[in-house]
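Residue numbering for the sequence shown follows the working numbering, beginning at 1 and increasing consecutively. Worksheet: one structure, shown below.
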Amino acid sequence: MRITIDEIKAMKQRKEKIPMLTAYDYITAKIIDEVGVPLILVGDSLGMVMLGYDSTIPVTMDEMIHHTKAVARGAKKALIVADMPFMTYHIDISDALYNAARLIQEGGAQAVKPEGGEAIAEMVRRLVDCGIPVMPHMGLTPQSLYQLGGFKAQGKTPETAQKMFKDAQILEQAGAFSIVLECVPAPLSKLIAETVSIPIIGIGAGPDCDGQVQVVSDMLGLYTDIVPKHAKQYARLAEEIKNAVTAYVTEVKSNTFPTMKHSYTMDESILESLEG
Ligand code: KIV
């Protein structure tokens, strides 16, 4: 049985911290799901960590759907949230409804994540009215990279802190089931998490959020082009992979791989008949 949004909300009520991780492919999603992570995000970070773009801005709906489908095949229990890519929900609400429906219907996600605060509240309401759970993303919103002028913490001035505090409440009223806060000062996230009744999932937003999300390639030490301050490496898979590839290349060159253990045999008489 797949985790429901009510179960995610109940975790906050029980003060049980909510772990969330990104995944972009079948095998990673399957492993994360088997561990019991309740929320999986198919983040548009896939543009950077899987596709090698230098931001999330080039990511398309078709790319999101391709990866969401793979994750949905791998994760059978976690609630899957898919990012709505850049400019797929701003032109008008019918566009947003159409694209969110594609992520649910074609991709197999159970919820969507657009970026924004009050500006997307009406759209959130319409999506929720149509039965689509929404987890908006505030703070450092990477799709607004050019507007923000870089990947940096948000909500540090009285005006921006006040706006984020108000916007979280507006999004809750609009029907969001949870909110992601990225790179937000810890005391502000704490205040927001204490004020709204829906779970606040932080990334670089301090320990007092109701849950935490990490980019899986960051926490596995697999993507090392940029290592954000908020990312903790629980493994160093890039180094592990380099060691394994180096060992493989050495063995192929020295002809110590493959041995007969990795080879197939055949009936000698068939071989003899060929030679004869
Ligand atoms: O795209 C993503 O992975 C995200 C997380 C950083 C929250 O939005």
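Glycine included, each C-beta is placed from N, C-alpha and C at the ideal position. Since we're looking at a predicted model, the values are computed, not measured.
Heavy atom of ligand 1 less than 8 Å from the Cβ of residue i, yes or no?
i	result
H137	yes
G43	yes
E63	no
I192	no
T68	no
V180	yes
D83	yes
I203	yes
L46	yes
K232	no
K113	yes
V215	yes
T22	yes
T56	yes
P277	Examination of residue 277 is not possible in this model, given that the chain is present from 1 through 276 alone.
V142	The displayed chain sequence assigns Pro, not Val, to residue 142. Checking the Cβ of P142 against ligand 1 gives yes.
Closest Cβ-Cβ distance between residue i and chain B: below 9 Å?
i	result
A186	Protein chain content of the structure displayed is limited to a single chain, and chain B is not contained in it.
Where does residue i fall in DSSP's three states?
i	result
P19	strand
A111	strand
A247	helix
Q233	coil
H66	helix
L140	coil
D25	coil
I3	coil
I80	strand
Apart from the five residues on each side of it in sequence, which residues of its chain come closer than 7 Å, Cβ to Cβ, to residue i?
i	result
A193	I200, D208, C209 and D210
P185	A153, G155 and K156
K190	G206 and D208
What residues in its chain sit with their C-beta under 6 Å from that of residue i, if we drop five residues either side in the sequence?
i	result
M11	I18
P133	I5, A111 and F177
R236	G221
L46	Y24 and H67
E106	I65
Would you kindly check if the distance between the Cβ of residue j and the Cβ of residue i is under 9 Å?
i	j	result
L127	A96	yes
G52	Y24	no
D33	K77	yes
G202	V213	yes
I5	L79	yes
G175	G155	no
Q173	A121	yes
P136	E182	no
F165	L188	yes
A109	A153	no
M50	S217	yes
For residue i, which residues from the same chain have a beta carbon less than 8 Å from its beta carbon, with the 5 sequence-adjacent residues on both sides left out?
i	result
I93	E122, M123 and R126
List, from N- to C-terminal side, the beta strand (DSSP E) runs of 3 residues or more that fit wholly inside the region 34 to 61. The region 34 to 61 contains these whole beta strand (DSSP E) runs: 39 to 42.
Notebook entry, point to check: Considering only residues of the region 155 to 230, which uninterrupted beta strand (DSSP E) runs meet the minimum length of 3 residues and lie entirely inside it, listed in chain order?
Noted result: For the region 155 to 230, the continuous beta strand (DSSP E) assignments of 3+ residues that do not extend past its boundaries occur at 179 to 182, 200 to 203 and 211 to 214, in sequence order.
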